[in-house]
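In mature numbering (1 follows the signal peptide of the UniProt record, and there is no 0), the protein residues as written are -18 to -1, 1 to 127.
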Amino acid sequence: MLAKALLFFCATIAVMSAATDAPMPGAPVDKDATDEDMQRAWAAVNGELNSQASNNGPYHFVPIKILSSKSQVVAGVKHIYEVLVGESSCTKGEMQASELNQANCPLREGANRAIYKLTVWEKPWENFVQYNAEKVRTVEQSESF
């Protein structure tokens, strides 16, 4: 009898949990991309992607557009972006990655493009920021976003 009551209780909780649209605590939450998010994307591209050995071309990458934006509360906040990036008109020998911005380093005409998953983990009270960049795929010239 106790087993049946426990089974009924667990099933009821499972159905009630599935029926709500509330996100699970600690799970990534979709959000609209803001100017602040674009600044984080620039920082991630400059701090991580342009420093990676996998970016072995002559040009620095720059973010073009944030395709998706999520945030997750962890020990701090983790911002997760899917970003369209492309080769800039700035070559690696001409300028350091830390100096790049939208005004001084525009997208190169006919640039190679790719989609990257950029993660920015921030703990402001510790003055801590960590970047991670992972290539999702190459984007064909004919694709538009």
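Ideal Cβ placement from N, Cα and C applies to all residues, glycine included.
### Task
Reducing DSSP to helix, strand and coil, say where ASP14 ends up.
Coil, per DSSP.
### Query
If you pair each beta-carbon of the segment 29 to 41 with each one of the segment 55 to 62, do three or more pairs fall below 8 Å?
Output reads no: the segment 55 to 62 does not touch the segment 29 to 41.
### Query
Between the Cα of LEU49 and the Cα atoms of ALA96, ALA79, TYR41 and ASN37, which residue gives the shortest distance?
Answer by Cα proximity: ALA96.
### Message
Let me check understanding here. Comparing Cα to Cα, which of PRO7, GLY39 and ALA23 lies closest to THR73?
### Response
Taking THR73 as reference, the option from PRO7, GLY39 and ALA23 with the minimal CA-CA separation is GLY39.
### Query
Would you say LEU66 and ASN28 are within 9 Å of each other, going by their C-beta atoms?
No, Cβ-Cβ distance for LEU66 and ASN28 is not below 9 Å.
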